[in-house]
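Asks: Okay, handing you the structure first.
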Amino acid sequence: MSVRRVSLLSLAVALTALSGCSGRAQEDSMLADKMAKADEVFKRRQYEEAGVLFEEIAGEAAGDNSAFVEAASMRARSYLITEKKDEGREWLARAAAKAAVSDPLGWSRYLGVRGRFEWKDGDNETATSTFREMFDYCGEKELWERAVDAAHMIAITGDQKQKFDWALKGIEMAERGGMDGWLGPLWNNLGWNYYDDERYGEAYDALIKAREYHYKGEGELPKLIADYSVAHVMMKQNRLHEAEAAMLKVLEWATRLDADGASDAVEWMGFARWDLGEMAMELGNKTAGIGMLKQALSEIEKSGMPNWDPDQWKQKQARVAGLEV
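When we follow this note's numbering, the leftmost residue of the sequence shown carries the number 6, and every step to the right adds one.
Structure (structure tokens):
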């Protein structure tokens, strides 16, 4: 895959953070209000600020074990998503010490975060087992959005057959439950699973569906990423002129967002420019293509790829170095 899963997963961050709010929001308590606020901040991708809020809730939740487990779990996840895994493990351990299967909100939230740590540790088999446990548990407790989250994650961590089966299962559940906000990330996952399997026609169709749902939302970055995904697959289908025109629009959009201070925009500037460089060379303009790849490499480095995907970073470095010989 030419883009990192974690970026595409960020399209679903808002949903996974908020999937437990409905049950807790029924509780008339100050902690419930603070938890909802922290989840909203996490939804806006302000992970460091959200982490501080979750830590505050954990500190105030001495008499509410469920709130503590949820807050500690999300504090751990806030660290994980900001590349501070060791700090996150400490909070995950604190959540695990108090997590109880008799507490639906705390236990399901803990499982969702534990599975993500297992996934980021490269142990997909264990992560898949954890998410399967979460799916079954949430179904039993009628925590339907968290069940969809679990299906969504199995579509990432599972084996080849599970990826497709669980992506479709998640889509079916979300459609049946009227969870339109989930359908963009779920169709997106299915599309990239088809992409990984080099089934580019099916990938294109799925990513078009994902884009339809992302465009119903308010955030600009998910829409931009959806446009990038469609253009990238068109490139793989050898629809180079169409793909080039679409990718230029993505680059212009990402550049504007970067100028406006969007923290993740530089990553998509880099990915879009990289694809434009590859297409330029394919269309016979090698000099321009190499120049774009070099600039894209600088932008991708700025986004942090050497830390979050060192293997892909080395591949891109080698690609540019090989063209310079």
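Backbone N, C-alpha and C define an ideal beta-carbon position, used for all residues, glycine too.
Could you tell me the alpha carbon to alpha carbon distance between E65 and S34, rounded to whole angstroms?
Replies: The residue you call residue 65 lines up with position 60 of the sequence shown. The residue you call residue 34 lines up with position 29 of the sequence shown. C-alpha separation (whole angstroms): 12 Å.
Asks: What does a CB cutoff of less than 6 Å around M286 pick up in its chain, not counting 5 residues either side in sequence?
Replies: In the sequence shown, the residue the question calls residue 286 occupies position 281. Hits under 6 Å: G294.
Asks: According to the neighbour-count rule (16 or more other Cβ atoms, all chains shown, within 10 Å of its Cβ), is R137 buried or exposed?
Replies: Indexing the sequence shown from 1 puts residue 137 at position 132. Counting Cβ neighbours within 10 Å, R137 comes out buried, since at least 16 surround it.
Asks: Given 8 Å as the limit, is there contact between the stretch 87-95 and the stretch 107-115, that is, 3 or more CB pairs closer than that?
Replies: Result no; under three Cβ-Cβ pairs closer than 8 Å.
Asks: Using only alpha-carbon positions, find the residue among E53, D126, L195 that is nearest to D314.
Replies: Within the sequence shown, the letter at position 309 stands for residue 314. Minimum Cα distance to D314 is reached at D126.
Asks: Which same chain residues, not among the five before or five after A104, have their C-beta less than 7 Å away from its C-beta?
Replies: Mapped onto the sequence shown, residue 104 falls at position 99. Within the same chain, A104 has close Cβ partners V74, G111, W112, Y115.
Asks: When the distance is taken between beta carbons, is V271 closer than 7 Å to K299?
Replies: For the purposes of this step, residue 299 is identified with residue 294 of the sequence shown, where counting begins at 1. For the purposes of this step, residue 271 is identified with residue 266 of the sequence shown, where counting begins at 1. Not closer than 7 Å, so no.
Asks: Checking 7 Å against the spacing of the C-beta atoms, do G183 and A215 come in under that value?
Replies: Counted from its first residue, the sequence shown places residue 183 at position 178. Counted from its first residue, the sequence shown places residue 215 at position 210. Result no, Cβ atoms of G183 and A215 do not sit closer than 7 Å.
Asks: Which residues in the same chain have their Cβ closer than 8 Å to the Cβ of V255, if we skip the five residues on either side of it in sequence?
Replies: As a working note, residue 255 is residue 250 in the sequence shown. Cβ within range, chain order: L229, D232, Y233, A236, W273, A277.
Asks: Please work out which residues of its chain come closer than 6 Å, Cβ to Cβ, to L281, disregarding the five sequence neighbours upstream and downstream, and give them in chain order.
Replies: For the purposes of this step, residue 281 is identified with residue 276 of the sequence shown, where counting begins at 1. Cβ neighbours of L281 beyond the five flanking positions: M252, M297.
Asks: Give me, in chain order, the residues of the same chain whose beta-carbon lies closer than 7 Å to that of I86; leave out the 5 immediate sequence neighbours on both sides.
Replies: Position 81 of the sequence shown holds residue 86. The residues are Y52.
Asks: Just reading off the alpha helix (DSSP H) that Q242 is part of, what are its end residues?
Replies: For the purposes of this step, residue 242 is identified with residue 237 of the sequence shown, where counting begins at 1. From DSSP, Q242 is part of no alpha helix (DSSP H); its letter is neither H nor E.
Asks: Considering only their Cβ atoms, is the gap separating T162 from P132 smaller than 7 Å?
Replies: One-based indexing of the sequence shown puts residue 132 at position 127. One-based indexing of the sequence shown puts residue 162 at position 157. A small correction: the amino acid at residue 132 is Ala; Pro does not occupy that position in the sequence shown. Contact: yes.
Asks: Rank Q165, Q167, N198, G144 by C-alpha distance to the C-alpha of M178 and give the top, closest one.
Replies: Mapped onto the sequence shown, residue 178 falls at position 173. It is G144 whose Cα lies nearest to the Cα of M178.
Asks: Please work out which residues of its chain come closer than 8 Å, Cβ to Cβ, to L173, disregarding the five sequence neighbours upstream and downstream, and give them in chain order.
Replies: One-based indexing of the sequence shown puts residue 173 at position 168. Cβ neighbours of L173 beyond the five flanking positions: L195.
Asks: Using 10 angstroms around the beta-carbon of P311, count the other beta-carbons present and answer buried if the total reaches 16, otherwise exposed.
Replies: In the sequence shown, residue 311 corresponds to position 306, counting from 1. That one is exposed.
Asks: What three-state label does DSSP hand E147 in the structure shown?
Replies: Position 142 of the sequence shown, counted from the start, is the residue given in the question as residue 147. Coil, per DSSP.
Asks: For the stretch 138-211, which segments carrying the alpha helix (DSSP H) assignment without a break, of at least 4 residues, lie completely within its bounds, in sequence order?
Replies: Listed in chain order, the complete alpha helix (DSSP H) runs (minimum 4 residues) inside the stretch 138-211 are 149-162, 165-181, 185-201.
Asks: Assign D316 to buried or exposed, taking buried as 16 or more other Cβ atoms, counted over all protein chains shown, within 10 Å of its Cβ.
Replies: For this step, residue 316 is matched to residue 311 along the sequence shown. D316 should be labelled exposed.
Asks: Need the endpoints of the alpha helix (DSSP H) that G327 sits in, please.
Replies: Reading the sequence shown from its first residue, position 322 is the one you call residue 327. Segment 315-329, the alpha helix (DSSP H) holding G327.
Asks: Would you report the Cα separation of G206 and Q242, rounded to the nearest angstrom?
Replies: Translated into the one-based positions of the sequence shown, residue 206 becomes position 201. Translated into the one-based positions of the sequence shown, residue 242 becomes position 237. When rounded, the distance between both Cα atoms is 8 Å.
Asks: Quick one: Cα of R261 to Cα of H219, how far?
Replies: Within the sequence shown, the letter at position 256 stands for residue 261. Within the sequence shown, the letter at position 214 stands for residue 219. Near 19 Å, if we compare the C-alpha coordinates of H219 and R261.
Asks: Which term fits G275, buried or exposed, when burial requires 16 or more other beta carbons within 10 angstroms of its beta carbon?
Replies: Position 270 of the sequence shown, counted from the first residue, corresponds to residue 275. It counts as buried.
Asks: Whole angstroms are fine: how far does the CA of N70 sit from the CA of Y200?
Replies: To locate residue 200, count along the sequence shown from 1; it is residue 195. To locate residue 70, count along the sequence shown from 1; it is residue 65. Going from the Cα of Y200 to the Cα of N70 covers about 43 Å.
Asks: From H362 to A76, what does the alpha carbon distance come to, in whole angstroms?
Replies: With the chain covering 6 to 330 only, the question about residue 362 has no answer from this structure.
Asks: What residue from G309, D202, D210, S268 has the CA that sits closest to W192's CA?
Replies: Taking the sequence shown and counting its residues from 1, one reaches residue 192 at position 187. Among G309, D202, D210, S268, the Cα nearest to that of W192 is on D210.
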